[in-house]
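Participant: Before I ask anything, here is the structure I am working with.
2 protein chains.
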Amino acid sequence: MSYFEQHQTIISRAIEALHQRTFYAQYPEFPSPKIYGETADADGRAKFQSVVGKQFNELLQDQPSSWIGQEESPYMQEPLNIQYPQFETEVLISRALESFDQWRKIPPEERASLLVESLEKIKSRFFEIAYATMHTTGQGYMMAFQASGPHAADRALEAIATGLEEQQRFPRKVNWEKPMPKYSIKLKKEWRVIPKGISLVIGCSTFPTWNSVPGIYASLVTGNPVLVKPHPGAILPIAIFVAEIQKVFREAGLNPNICQLVVDTFEKPAAVGLAEHPEVKLIDFTGNSEFGGYLETLPGKTVFTEKTGVNSVILDSVDDIDKVVQNLAFSVTLYSGQMCTAPQNIYITESGIIMGGESISISQFSEKLSAAINGIVDNPKAGPFVLGAIQSKDTCDRIEHAHRLAGKVCLASRSIEHPMFKNARVATPMVLQLDADQKEIYSKELFGPIVLLIKTNDVEQSIALAKEQAETNGAISCGAYTVNQEIRDNIADQMSLAYTPVSFNFTGGIYVNQHAGFSDFHVTGGNPAGNASFTNPEFVIKRFTWVGLRDAVS
Amino acid sequence: MSYFEQHQTIISRAIEALHQRTFYAQYPEFPSPKIYGETADADGRAKFQSVVGKQFNELLQDQPSSWIGQEESPYMQEPLNIQYPQFETEVLISRALESFDQWRKIPPEERASLLVESLEKIKSRFFEIAYATMHTTGQGYMMAFQASGPHAADRALEAIATGLEEQQRFPRKVNWEKPMPKYSIKLKKEWRVIPKGISLVIGCSTFPTWNSVPGIYASLVTGNPVLVKPHPGAILPIAIFVAEIQKVFREAGLNPNICQLVVDTFEKPAAVGLAEHPEVKLIDFTGNSEFGGYLETLPGKTVFTEKTGVNSVILDSVDDIDKVVQNLAFSVTLYSGQMCTAPQNIYITESGIIMGGESISISQFSEKLSAAINGIVDNPKAGPFVLGAIQSKDTCDRIEHAHRLAGKVCLASRSIEHPMFKNARVATPMVLQLDADQKEIYSKELFGPIVLLIKTNDVEQSIALAKEQAETNGAISCGAYTVNQEIRDNIADQMSLAYTPVSFNFTGGIYVNQHAGFSDFHVTGGNPAGNASFTNPEFVIKRFTWVGLRDAVS
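Protein sequences, first through last, are from chains A and B.
Counting in my numbering, the first sequence runs from 67 upward without gaps.
Counting in my numbering, the second sequence runs from 67 upward without gaps.
Written as structure tokens, this is what we have:
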């Protein structure tokens with residue numbers, strides 16, 4: 067392979083970055099023409115538009131039983147009418163098994179190199195993937211580009227690097243010699259990395275590539291054939307990834323079915339049949355807690371989940387309340403709160419937030435937050451692009467229902483007109499104020515632009531509630547604002563015990579929602595929000611087994 | 067701590083050994099007076115005898131609710147009458163929780179150092195532990211010394227080293243700076259290793275220390291308090307370990323309840339109540355598949371099991387059949403086959419074993435094997451000491467039952483007189499010949515000195531059956547004899563896919579039963595014989611969670 071050397075350099079640098087955990091990115095996150103080419107954006111948009119209403123015919127999977135596709139654009143509220151090939155479960159499984167013997171025998175270093183080649187190919191399609199992501203998830207353009215393109219590719223590279231490193235941790239072969247009183251015993255020993263078997267990756271509707279590529283690439287680099295089953299509402303972005311992976315395999319003379327796309331419909335979902343198939347050994351899932359919980363109990367499977375959570379913000383004391391409010395307003399407005407890391411429960415003590423000698427009451431904070439949200443939303447150069455559109459009608463129902471909950475609506479959700487898409491499904495954040503004893507309302511994820519302000523007795527109660535929510539309902543992020551070192555240390559200690567990462571005193575251009583590849587472990591795996599983490603060693607180690615062979619030396 | 071530096075050297079060397087995987091041992095395996103002292107053996111025996119019939123009062127666990135103990139010596143078939151303190155489940159749990167905050171805050175390096183100190187203390191008690199092991203498990207003196215003393219201590223050190231290394235894989239703190247078009251974002255990041263919580267280690271009756279210390283030390287080094295619940299028939303050997311660990315903790319000013327012994331009775335087992343307790347997060351288990359399988363399904367627990375398996379030997383072709391027979395005879399005679407690594411199913415093709423131009427039929431092999439077993443058993447200087455005694459009466463029943471199975475008894479089991487213990491429960495290996503279609507007989511573990519010779523059509527069938535047994539009923543070892551490179555490679559490939567280590571062409575002083583610390587992964591974790599492996603990175607990684615903290619830099 068001509069690119070083998072070059073890609074080994076990319077991988078070595080990535081492995082080094084894993085351990086440095088300082089800032090690192092292989093794929094530039096700004097959709098800059100200087101980096102990606104002057105016509106890249108326009109070409110990507112045209113490429114996306116050319117597939118709308120057509121068959122997606124890039125996959126190297128022969129003889130489909132039919133062509134299906136139900137994606138709709140949240141910006142146009144119209145079907146995209148893109149058709150994908152559909153296959154029977156047994157066809158998918160037998161093709162995966164057929165490819166397994168070939169793939170498992172490719173050395174890990176070569177597997178890693180082939181997978182990096184696929185990312186390099188995908189790089190030239192980031193803009194197309196961005197438009198595909200916008201018109202399936204409702205993400206704004208910038209997020210769609212960054213999350214589905216470079217950030218996803220970096221997460222994929224991270225999984226490749228972690229996976230390769232784990233497979234290189236022990237020697238392939240050694241001569242073993244044990245000294246005995248009168249002679250020595252000699253053995254030749256060999257260790258093999260044996261993949262677990264067919265891997266199923268089940269995607270979600272809001273982050274179709276970012277949340278799926280870590281599992282796909284982690285399974286592939288460790289030698290497992292992969293079935294990629296996206297959410298029926300968000301197929302195209304990951305279909306482009308799969309198509310490019312398949313092309314790289316074919317070019318290398320390998321069976322493209324090592325990585326297959328599985329498309330299903332809302333009416334006839336394929337996940338259960340595949341997950342319960344005895345030949346499926348590995349399952350990656352992003353989505354709701356109910357289905358994730360079911361998958362986790364399947365016997366004989368190794369399962370990686372990212373489910374729902376109740377993310378908290380603890381407000382104790384601040385240097386500058388306006389900067390804090392500005393930061394939080396952006397965090398809850400970004401992609402209309404449809405991020406697994408978006409804050410939901412904001413805890414404020416009844417004595418208010420301390421700033422210098424002053425105290426900001428929960429009502430004052432609520433007014434400031436509402437004003438800041440409106441400030442973003444009503445800015446025509448920001449609002450529509452930060453909010454994006456609402457992926458699922460269910461989220462709109464949830465928002466409507468939230469207005470009727472037993473609490474004080476401080477800010478109602480509303481729609482605004484999108485300058486480019488008149489028919490976009492838009493909902494701005496709502497703010498609801500509750501008391502600490504209204505636990506039945508705030509003890510679950512209210513996915514979408516729903517912010518709860520919860521009045522507590524004191525900061526100890528705020529911490530205890532945030533911890534309890536994380537332990538019982540899961541949490542992927544926690545924001546905390548305090549200028550008191552003792553309280554900071556207590557929050558760090560208590561939230562750590564609930565296996566929840568904490569971001570302290572974020573203001574300016576960094577938000578609690580963001581988790582950076584090569585540095586932040588996304589989801590800890592320690593609380594009900596998920597049992598896995600992008601990408602820690604456990605995420606790849608469980609995809610293969612070390613087997614030792616010993617030969618007597620005569 | 068005065069020994070901190072010195073122990074860090076032991077640990078660094080151990081970490082290096084993990085990755086070399088060549089021969090390495092910290093604790094010398096021969097009970098040599100030159101190493102352990104002229105009077106060590108006699109002192110150890112006296113120390114053991116002094117506790118028989120008494121209370122074991124070395125534990126630093128106060129206020130027991132009663133004193134209990136039901137151990138019996140398989141050599142004397144008499145109760146040992148050693149009494150251990152018993153505690154209510156809630157007392158054990160609350161004491162463990164009380165100690166947790168203290169233990170989790172000790173840095174991993176110091177935890178590792180304290181644990182090595184415990185091993186250094188235990189080293190002076192190896193002989194006492196050897197006698198305690200003999201008179202609970204029935205092991206012969208040499209095995210009792212090696213397995214429960216130095217080999218167990220090496221496995222414990224291996225777990226400490228692996229655990230420390232995994233906790234050191236990522237930096238504790240970094241400055242993270244992300245360059246942006248007009249400015250840069252700065253964060254201070256910190257990563258913490260957060261232990262899972264209370265760890266329960268459930269021991270077995272045959273290897274009370276060797277099989278339990280990896281879990282105990284892996285949980286401790288990663289910051290979890292541990293409850294050690296030995297088999298009610300084999301308590302004393304591990305009680306001595308726990309007592310020494312507790313003394314080290316007390317000397318260091320720590321709560322000795324970080325590691326507690328839990329003793330129960332045959333009539334009122336404590337395992338289920340503890341395993342299902344919501345505060346117990348980690349479970350290590352060695353024992354039968356039924357209970358292990360139940361533990362693996364407990365929701366919300368991280369479970370490590372070593373269960374039963376059906377180990378195979380594939381006989382294809384040999385250089386010297388007599389050397390092979392001698393080796394196998396020893397493997398099945400050693401500790402009367404009461405090892406999880408002992409061979410059970412020996413597959414031989416109907417055309418026989420190839421040696422040069424000749425072929426040795428299954429009947430000829432069976433005669434040779436029987437003669438070799440008798441040769442060991444009837445040698446008064448070897449037989450009684452290699453065989454040891456039978457730990458459980460159930461094993462004797464199983465042997466008796468095996469004589470009535472539908473097969474040809476080539477060699478019957480019998481008793482021989484032990485020169486030192488007239489009342490010892492002894493059973494020599496039996497050999498039963500079966501056809502490949504008598505699957506109902508050979509498709510389960512027949513724990514003890516029961517050897518099955520299975521006649522197959524050809525070597526492909528031998529391999530297929532060995533693989534199928536490993537996949538469906540588990541396997542911890544596989545021996546294979548072939549001088550044909552192609553067949554060797556096929557066995558290696560196929561048994562690897564069943565996640566079973568293979569030992570090729572062992573003759574002389576090395577046996578398929580032996581798995582060496584710092585080199586051989588014991589149990590792969592990939593087939594039904596167990597879901598964990600001593601000690602691979604997964605064995606320790608799952609005992610803690612990485613949690614990241616981020617502080618804005620103002």
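Built from N, CA and C at the ideal position, the CB exists for glycine as well.
Does residue 577 (chain A) come within less than 8 Å of chain B when only Cβ atoms are used?
Facilitator: Translated into positions along the first sequence, residue 577 (chain A) becomes position 511. Chain B contact via Cβ: absent.
Participant: Quick one: what's got a C-beta closer than 6 Å to residue 73 (chain B)'s C-beta in the same chain, skipping five residues either side?
Facilitator: For this step, residue 73 (chain B) is matched to residue 7 along the second sequence. Once the five neighbours on either side are set aside, the close Cβ partners of residue 73 (chain B) are 179 and 182.
Participant: Check each candidate in A:163, A:316, A:577 and A:230 and name the one with the smallest Cα separation from residue 397 (chain A).
Facilitator: For this step, residue 397 (chain A) is matched to residue 331 along the first sequence. Comparing Cα-Cα distances from residue 397 (chain A) to each of A:163, A:316, A:577 and A:230, the minimum goes to A:577.
Participant: Out of B:323, B:145, B:86 and B:150, point me to the one whose CA is closest to residue 160 (chain B)'s CA.
Facilitator: Numbered from 1 along the second sequence, position 94 holds the residue referred to as residue 160 (chain B). Checking every option, the nearest Cα to that of residue 160 (chain B) belongs to B:323.
Participant: What first and last residue would you give for the alpha helix (DSSP H) that runs through residue 149 (chain A)?
Facilitator: Your numbering for residue 149 (chain A) matches position 83 in the first sequence. Counting along the chain, residue 149 (chain A) falls outside any alpha helix (DSSP H), and DSSP gives it neither H nor E.
Participant: Three or more beta-carbon pairs under 8 Å between the segment 508-528 of chain B and the segment 356-366 of chain B, yes or no?
Facilitator: no
Participant: Closer than 8 Å, Cβ to Cβ, to anything on chain A: give me those residues from the segment 481-495 of chain B, in chain order.
Facilitator: none
Participant: Within its chain, find whatever has a CB closer than 6 Å to the CB of residue 191 (chain B); leave out the 5 residues flanking it on each side and keep chain order.
Facilitator: Position 125 of the second sequence holds residue 191 (chain B). So the list reads 306, once near-sequence residues are dropped.
Participant: For a contact meaning CB atoms closer than 9 Å, what does residue 85 (chain B) contact in chain E?
Facilitator: Absence of chain E from the displayed structure is noted, the protein chains being A and B.
Participant: What are the boundary residues of the beta strand (DSSP E) that includes residue 261 (chain A)?
Facilitator: For the purposes of this step, residue 261 (chain A) is identified with residue 195 of the first sequence, where counting begins at 1. Counting along the chain, the beta strand (DSSP E) containing residue 261 (chain A) begins and ends at 250-261.
Participant: Just checking, does the segment 197-205 of chain B make contact with the segment 291-310 of chain B on the three C-beta pairs under 8 Å criterion?
Facilitator: yes
Participant: Which class does residue 450 (chain A) belong to by DSSP, given the choice of helix, strand or coil?
Facilitator: In the first sequence, the residue the question calls residue 450 (chain A) occupies position 384. Looking at residue 450 (chain A) - three-state DSSP - the assignment turns out to be helix.
Participant: Residue 349 (chain B) bridges to which residues according to DSSP?
Facilitator: Here residue 349 (chain B) corresponds to residue number 283 of the second sequence, with the count starting at 1. Paired residue(s): B:266 and B:369.
Participant: So, with DSSP's three-state summary, where would you put residue 98 (chain B)?
Facilitator: Against the second sequence, residue 98 (chain B) aligns to sequence position 32. It is coil, neither helix nor strand.
Participant: Is DSSP giving residue 297 (chain B) helix, strand or coil here?
Facilitator: Translated into the one-based positions of the second sequence, residue 297 (chain B) becomes position 231. Three-state DSSP puts residue 297 (chain B) in coil, outside helix and strand.
Participant: Name the chain A residues whose beta carbon is nearer than 7 Å to that of residue 573 (chain B)?
Facilitator: Counting from 1 along the second sequence, the entry for residue 573 (chain B) is found at position 507. Near residue 573 (chain B) (Cβ distances below 7 Å), the residues of chain A are 618.
Participant: Does residue 417 (chain B) pass the burial test, meaning 16 or more other C-beta atoms within 10 Å, or should it be called exposed?
Facilitator: If you number the second sequence from 1, residue 417 (chain B) lands on position 351. Under this definition residue 417 (chain B) is an exposed residue.
Participant: Which one or two residues does DSSP pair with residue 363 (chain B) in a beta bridge?
Facilitator: Counting from 1 along the second sequence, the entry for residue 363 (chain B) is found at position 297. Note: residue 363 (chain B) sits in no beta bridge, so no partner.
Participant: I need the straight-line Cα distance from residue 443 (chain A) to residue 340 (chain A), nearest angstrom please.
Facilitator: For the purposes of this step, residue 443 (chain A) is taken as residue 377 along the first sequence, with counting starting at 1. For the purposes of this step, residue 340 (chain A) is taken as residue 274 along the first sequence, with counting starting at 1. If you take the alpha carbons of residue 443 (chain A) and residue 340 (chain A), they lie about 42 Å apart.
Participant: Can you pull out the residues from the segment 598-611 of chain B whose beta carbon lies closer than 8 Å to at least one beta carbon of chain A?
Facilitator: Here the close residues are 599, 602, 603, 604, 607, 608 and 611.
Participant: Just checking, does the segment 530-539 of chain A make contact with the segment 371-379 of chain A on the three C-beta pairs under 8 Å criterion?
Facilitator: yes
Participant: Using DSSP's beta-bridge definition, name the partner residues of residue 421 (chain B).
Facilitator: As a position in the second sequence, residue 421 (chain B) is number 355, starting the count at 1. DSSP, once it has assigned bridges, lists B:384 and B:424 as partnering residue 421 (chain B).
Participant: Does residue 141 (chain A) come out as helix, strand or coil in the three-state DSSP assignment?
Facilitator: Position 75 of the first sequence, counted from the start, is the residue given in the question as residue 141 (chain A). The answer is coil: DSSP assigns residue 141 (chain A) none of H, G, I, E or B.
Participant: Closest to residue 255 (chain A) by C-alpha separation, out of B:610, B:587, B:614 and B:618, would be which residue?
Facilitator: As a working mapping, residue 255 (chain A) is identified with position 189 in the first sequence. Closest option to residue 255 (chain A), Cα to Cα, is B:587.
Participant: Enumerate in chain order the residues of its own chain whose CB-to-CB distance from residue 433 (chain A) is below 8 Å, with the five nearest sequence positions on each side excluded.
Facilitator: As a first step, residue 433 (chain A) is located in the first sequence; it is residue number 367 there, counting from the start. Same-chain partners within the cutoff: 476.
Participant: Can at least three beta-carbon pairs, one atom from the segment 554-569 of chain B and one from the segment 607-614 of chain A, be found at a separation below 8 Å?
Facilitator: yes
Participant: Can you tell me the Cβ-Cβ gap for residue 347 (chain A) and residue 263 (chain A), rounded? I've got them flagged as a contact below 8 Å.
Facilitator: For the purposes of this step, residue 347 (chain A) is taken as residue 281 along the first sequence, with counting starting at 1. For the purposes of this step, residue 263 (chain A) is taken as residue 197 along the first sequence, with counting starting at 1. Their Cβ separation, rounded to whole angstroms, is 4 Å, which keeps residue 347 (chain A) and residue 263 (chain A) in contact under 8 Å.
Participant: Could you check where the beta strand (DSSP E) with residue 501 (chain A) kicks off and where it finishes?
Facilitator: Along the first sequence, one-based indexing puts residue 501 (chain A) at 435. Residue 501 (chain A) -> beta strand (DSSP E) spans 496-501.
Participant: In terms of alpha-carbon separation, which member of B:370, B:484 and B:498 lies closest to residue 204 (chain B)?
Facilitator: Locating residue 204 (chain B) in the second sequence gives position 138, where the first residue counts as 1. The option with the nearest alpha carbon to residue 204 (chain B) is B:484.
Participant: With a threshold of 6 Å on Cβ separation, who are the neighbours of residue 225 (chain B) within its own chain once the five nearest residues in sequence on each side are excluded?
Facilitator: Here residue 225 (chain B) refers to the residue found at position 159 of the second sequence. Closer than 6 Å at the Cβ level, and outside the excluded window around residue 225 (chain B), lie 280, 283, 284 and 601.
Participant: Can you tell me whether residue 238 (chain B) is helix, strand or coil according to DSSP?
Facilitator: Here residue 238 (chain B) corresponds to residue number 172 of the second sequence, with the count starting at 1. Here residue 238 (chain B) sits in coil by DSSP.
Participant: Label residue 336 (chain A) either buried or exposed according to how many other C-beta atoms from any shown protein chain fall within 10 Å of its C-beta, with 16 as the threshold for buried.
Facilitator: Your numbering for residue 336 (chain A) matches position 270 in the first sequence. Flag for residue 336 (chain A) reads buried.
Participant: Could you say which of B:70, B:101, B:499 and B:222 lies nearest to residue 175 (chain B) if we only look at CA atoms?
Facilitator: Taking the second sequence and counting its residues from 1, one reaches residue 175 (chain B) at position 109. Minimum Cα distance to residue 175 (chain B) is reached at B:70.
Participant: Would you tell me roughly how many angstroms separate the C-alpha atoms of residue 155 (chain B) and residue 553 (chain B), rounded to the nearest one?
Facilitator: Locating residue 155 (chain B) in the second sequence gives position 89, counting from the first residue. Locating residue 553 (chain B) in the second sequence gives position 487, counting from the first residue. Answer to the nearest angstrom: the Cα atoms are 54 Å apart.
Participant: For residue 295 (chain A) versus residue 267 (chain A), is the C-beta spacing smaller than 8 Å?
Facilitator: The sequence position of residue 295 (chain A) within the first sequence is 229, counting from 1. The sequence position of residue 267 (chain A) within the first sequence is 201, counting from 1. A contact, by the Cβ cut-off of 8 Å.
Participant: In its own chain, which residues sit with a C-beta less than 6 Å from the C-beta of residue 546 (chain A), not counting the 5 before and 5 after it?
Facilitator: What you label residue 546 (chain A) is simply residue 480 of the first sequence in a count that begins at 1. For residue 546 (chain A), where only same-chain residues beyond five positions count, the Cβ hits under 6 Å are 380, 557, 568 and 570.
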